[in-house]
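Report on one structure; see the data block that follows.
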Amino acid sequence: MEKFSDQELIEKCAAGDRTGQKCLFDKYYKAMFNVSLRITNDHDESLDVIQEGFLQVFNDLPKFRGESTLGAWIKIIIVRSSLKKLNRNNNHESLDLAIHDQPIEWSDSFDANDLDQAIRSLPEGYRAVFLLIEKEGYKHREVAEMLNISEGTSKSQLFQAKKMLQSKLGRY
Numbered sequence: 021m022e023k024f025s026d027q028e029l030i031e032k033c034a035a036g037d038r039t040g041q042k043c044l045f046d047k048y049y050k051a052m053f054n055v056s057l058r059i060t061n062d063h064d065e066s067l068d069v070i071q072e073g074f075l076q077v078f079n080d081l082p083k084f085r086g087e088s089t090l091g092a093w094i095k096i097i098i099v100r101s102s103l104k105k106l107n108r109n110n111n112h113e114s115l116d117l118a119i120h121d122q123p124i125e126w127s128d129s130f131d132a133n134d135l136d137q138a139i140r141s142l143p144e145g146y147r148a149v150f151l152l153i154e155k156e157g158y159k160h161r162e163v164a165e166m167l168n169i170s171e172g173t174s175k176s177q178l179f180q181a182k183k184m185l186q187s188k189l190g191r192y
C-alpha cells in the first residue's frame, strides 16, 4: 500500500482517483469501524455504517475545509451515521433530571474486557450517550443535537448508564 499524506489523499480522492480512495479507506477503516461498533453494538450494522459513511466522505471531501484533522472530520461523519442507525429505533427515554449530577463510585478491580462487555450490554440509548460523552469527548449539548434529544435527557441517560455499569461491575 502506498503512503500518502492526508493532503495528498484529499487531492487524489477529490479527483476521483481510486488508488487514493482505497488508501484513505484503508488508513481510517479500522478506527472508524471500532467507533461505529461501540455505538451500534452490532457488527453488521457497523459494516453498513462504514459503507454509507465512507460514501459520504468521498462525496463531501471537496467540501472539507481543513478546520480539523481529516481523521476527526471522518470520525464525525461515522459517529453521525452510527447514530442515524440508532435513531431509527429511537431508544431514548426521558429520565428524572434531578439525579444526573450525583457522583458514581467505581471499583478498581475489573479489567478492560469486563468494562467493554458491560458497556456493550447497555440499552442502545444509554450506550450511545455514554460512549459519545465519556469515550469520544462530546458535550451534552452536542450529543443532544446529534441524537435529537434534550440536553437534560442526555445528562440523565449518562447518569443511568453509569449507574447500570456500576451495578453490572459491582461484583468486582
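Going by the working numbering, the sequence shown opens with residue 21, and the numbers climb by one from there. We treat Cβ as the ideally placed atom computed from N, Cα and C, and that holds for glycine. Bear in mind that the values here come from a model prediction, so they are computed numbers and not experimental data.
Query, Result
"Residue 181 vs residue 147 beta-carbon contact at 8 Å", "yes"
"Residue environment, residue 160, which counts as buried when at least 16 other CB atoms sit within 10 Å", "buried"
"Close Cβ partners of residue 45 (< 8 Å) along its chain, the five nearest in sequence each way excluded", "74"
"Exposed unless 16 or more other CB atoms sit within 10 angstroms - verdict on residue 173", "buried"
"Cβ-based burial, residue 132 [other Cβ within 10 Å; buried from 16]", "exposed"
"For residue 150, three-class secondary structure by DSSP", "helix"
"Where residue 37 falls: helix, strand or coil (DSSP)", "coil"
"Residue 150 and residue 178 closer than 8 Å at C-beta", "yes"
"Cα-Cα separation between residue 24 and residue 31, rounded to whole angstroms", "10 Å"
"Own chain, CB closer than 8 Å to residue 72, minus 5 neighbours either side, in chain order", "101"
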